[in-house]
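J.: Every number in the working numbering is 6 more than the matching position in the sequence shown, counting from 1. Where a beta carbon is used, it is the ideal one built from N, C-alpha and C, also for glycine.
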Amino acid sequence: MYPEPARPTAVERAVEVHHPTPIQPVVQHPAPMMPVQPGHVPTLASIVLPDGRVVTGYAMTHVQPAPVAAKPPVSRAAVNVALGGVGFLAVCGGLLLLTTFITALTALITQLITLAAVIFGGWIAVQVFSTRGHGGGTTVNIRKAVIKRNRFYQ
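1) At what residues does the beta strand (DSSP E) containing Ile29 begin and finish?
2) Can you grab the Cα-Cα spacing for the pair Ala123 / Cys98, in whole Å?
3) Whose C-beta lies closer than 8 Å to the C-beta of Ala96 among residues of the same chain, with five residues either side of it excluded?
4) For a test of the three-state rule: what should DSSP assign to Gly63, helix, strand or coil?
5) Could you check the C-alpha separation between Ser81 and Ala72 for me, to the nearest Å?
6) Where are the beta strand (DSSP E) runs, 3 residues long or more, that stay fully inside the segment 63-96, in chain order?
7) Return the Cβ separation of Tyr1 and Leu50 in integer angstroms, given the expectation that the two are a contact with Cβ distance under 8 Å.
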(Lines of atoms letter the chains of each structure in order from A; the text may use other names.)
(Lines give C-alpha, C1' and ligand atoms only; values in the text may rest on other atoms or scores of the structure.)
Protein backbone atom coordinates (compact mmCIF):
# COMPACT_ATOMS: atom_id res chain seq x y z
CA MET A 7 0.00 0.00 0.00
CA TYR A 8 1.17 3.49 0.70
CA PRO A 9 4.35 4.10 2.55
CA GLU A 10 3.92 5.47 6.01
CA PRO A 11 4.74 9.19 6.34
CA ALA A 12 7.91 10.00 8.17
CA ARG A 13 7.56 11.20 11.68
CA PRO A 14 8.75 14.78 12.32
CA THR A 15 11.92 15.12 14.28
CA ALA A 16 12.20 17.21 17.45
CA VAL A 17 13.75 20.11 15.52
CA GLU A 18 10.96 20.05 12.99
CA ARG A 19 8.40 19.92 15.78
CA ALA A 20 9.91 23.06 17.43
CA VAL A 21 9.72 25.16 14.25
CA GLU A 22 6.28 25.70 12.93
CA VAL A 23 6.11 26.70 9.32
CA HIS A 24 3.27 28.86 8.02
CA HIS A 25 2.44 28.94 4.38
CA PRO A 26 0.53 32.16 3.59
CA THR A 27 -2.52 31.96 1.44
CA PRO A 28 -2.34 34.45 -1.40
CA ILE A 29 -5.05 37.11 -1.37
CA GLN A 30 -6.86 37.62 -4.60
CA PRO A 31 -6.93 41.28 -5.66
CA VAL A 32 -10.36 42.88 -5.53
CA VAL A 33 -11.32 45.22 -8.32
CA GLN A 34 -12.28 48.51 -6.75
CA HIS A 35 -12.79 52.03 -7.86
CA PRO A 36 -9.72 54.13 -7.24
CA ALA A 37 -9.72 55.78 -3.84
CA PRO A 38 -10.05 59.54 -3.87
CA MET A 39 -6.77 61.39 -3.58
CA MET A 40 -6.21 63.13 -0.29
CA PRO A 41 -4.76 66.59 -0.70
CA VAL A 42 -1.27 66.94 0.68
CA GLN A 43 -0.02 70.33 1.64
CA PRO A 44 3.02 71.41 -0.30
CA GLY A 45 6.30 70.80 1.46
CA HIS A 46 4.75 68.19 3.74
CA VAL A 47 5.68 64.60 3.05
CA PRO A 48 3.85 62.01 5.13
CA THR A 49 6.08 59.79 7.25
CA LEU A 50 6.63 56.15 6.43
CA ALA A 51 5.60 53.55 8.96
CA SER A 52 6.76 49.96 9.08
CA ILE A 53 5.06 47.14 10.93
CA VAL A 54 6.66 43.79 11.66
CA LEU A 55 4.14 40.96 11.52
CA PRO A 56 4.43 37.96 13.88
CA ASP A 57 5.66 35.75 11.04
CA GLY A 58 8.55 38.15 10.40
CA ARG A 59 7.19 39.95 7.36
CA VAL A 60 7.58 43.72 7.26
CA VAL A 61 4.78 45.90 5.93
CA THR A 62 5.72 49.47 5.05
CA GLY A 63 3.33 52.29 4.20
CA TYR A 64 2.42 55.88 4.81
CA ALA A 65 1.14 56.73 8.26
CA MET A 66 -2.36 58.11 8.04
CA THR A 67 -3.43 60.66 10.56
CA HIS A 68 -7.09 60.66 11.33
CA VAL A 69 -8.70 63.93 10.44
CA GLN A 70 -10.70 65.21 13.38
CA PRO A 71 -14.03 66.64 12.27
CA ALA A 72 -14.71 70.23 13.22
CA PRO A 73 -16.63 70.41 16.46
CA VAL A 74 -20.29 70.96 15.83
CA ALA A 75 -21.80 73.78 17.82
CA ALA A 76 -24.20 72.40 20.36
CA LYS A 77 -27.74 73.15 19.32
CA PRO A 78 -29.64 74.83 22.12
CA PRO A 79 -32.59 72.83 23.45
CA VAL A 80 -34.93 75.73 22.62
CA SER A 81 -34.89 77.53 19.30
CA ARG A 82 -33.74 81.13 19.20
CA ALA A 83 -36.99 82.24 17.60
CA ALA A 84 -38.97 80.87 20.56
CA VAL A 85 -36.68 82.66 22.99
CA ASN A 86 -37.07 85.94 21.06
CA VAL A 87 -40.86 85.62 21.04
CA ALA A 88 -40.90 84.92 24.78
CA LEU A 89 -38.64 87.89 25.53
CA GLY A 90 -40.78 90.11 23.31
CA GLY A 91 -43.87 89.04 25.23
CA VAL A 92 -42.23 89.80 28.57
CA GLY A 93 -41.11 93.21 27.28
CA PHE A 94 -44.61 93.96 25.95
CA LEU A 95 -46.15 93.08 29.32
CA ALA A 96 -43.64 95.32 31.09
CA VAL A 97 -44.43 98.19 28.73
CA CYS A 98 -48.19 97.69 29.14
CA GLY A 99 -47.81 97.75 32.91
CA GLY A 100 -45.75 100.91 32.67
CA LEU A 101 -48.29 102.53 30.37
CA LEU A 102 -51.09 101.59 32.75
CA LEU A 103 -49.18 103.20 35.61
CA LEU A 104 -48.43 106.21 33.43
CA THR A 105 -52.09 106.76 32.52
CA THR A 106 -53.07 106.31 36.18
CA PHE A 107 -50.45 108.89 37.17
CA ILE A 108 -51.65 111.35 34.52
CA THR A 109 -55.27 110.93 35.64
CA ALA A 110 -54.35 111.52 39.28
CA LEU A 111 -52.23 114.55 38.36
CA THR A 112 -55.10 116.02 36.32
CA ALA A 113 -57.51 115.57 39.25
CA LEU A 114 -55.00 117.21 41.62
CA ILE A 115 -54.53 120.21 39.33
CA THR A 116 -58.31 120.57 38.92
CA GLN A 117 -58.79 120.53 42.70
CA LEU A 118 -56.00 123.09 43.20
CA ILE A 119 -57.55 125.44 40.63
CA THR A 120 -60.97 125.08 42.26
CA LEU A 121 -59.47 125.70 45.71
CA ALA A 122 -57.62 128.79 44.44
CA ALA A 123 -60.81 130.14 42.85
CA VAL A 124 -62.77 129.65 46.07
CA ILE A 125 -60.08 131.26 48.23
CA PHE A 126 -59.43 134.16 45.85
CA GLY A 127 -63.15 134.70 45.27
CA GLY A 128 -63.74 134.70 49.01
CA TRP A 129 -60.96 137.23 49.51
CA ILE A 130 -62.45 139.50 46.86
CA ALA A 131 -65.91 139.15 48.44
CA VAL A 132 -64.52 140.07 51.84
CA GLN A 133 -62.79 143.13 50.37
CA VAL A 134 -65.91 144.31 48.60
CA PHE A 135 -68.46 143.67 51.31
CA SER A 136 -66.45 144.49 54.39
CA THR A 137 -67.75 147.29 56.68
CA ARG A 138 -64.36 148.33 57.90
CA GLY A 139 -63.36 151.95 57.48
CA HIS A 140 -61.88 152.93 54.18
CA GLY A 141 -58.15 153.25 54.27
CA GLY A 142 -58.05 156.49 52.24
CA GLY A 143 -59.77 158.57 49.64
CA THR A 144 -62.45 161.27 49.78
CA THR A 145 -65.88 160.72 51.24
CA VAL A 146 -68.60 162.78 49.59
CA ASN A 147 -71.90 163.39 51.28
CA ILE A 148 -74.20 163.56 48.33
CA ARG A 149 -77.20 164.88 50.33
CA LYS A 150 -75.43 168.13 51.09
CA ALA A 151 -73.83 168.49 47.71
CA VAL A 152 -75.15 171.02 45.24
CA ILE A 153 -74.98 170.25 41.59
CA LYS A 154 -74.74 173.34 39.34
CA ARG A 155 -73.93 173.11 35.73
CA ASN A 156 -72.63 169.52 36.07
CA ARG A 157 -70.31 170.41 38.95
CA PHE A 158 -70.40 169.42 42.59
CA TYR A 159 -70.22 172.14 45.22
CA GLN A 160 -70.09 171.64 48.97
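T.: Taking the geometry as given:
1) Per DSSP, Ile29 belongs to no beta strand (DSSP E) and is neither H nor E.
2) 37 Å
3) none
4) strand
5) 22 Å
6) none
7) Here the chain covers residues 7 to 160 and nothing more, so residue 1 does not appear.
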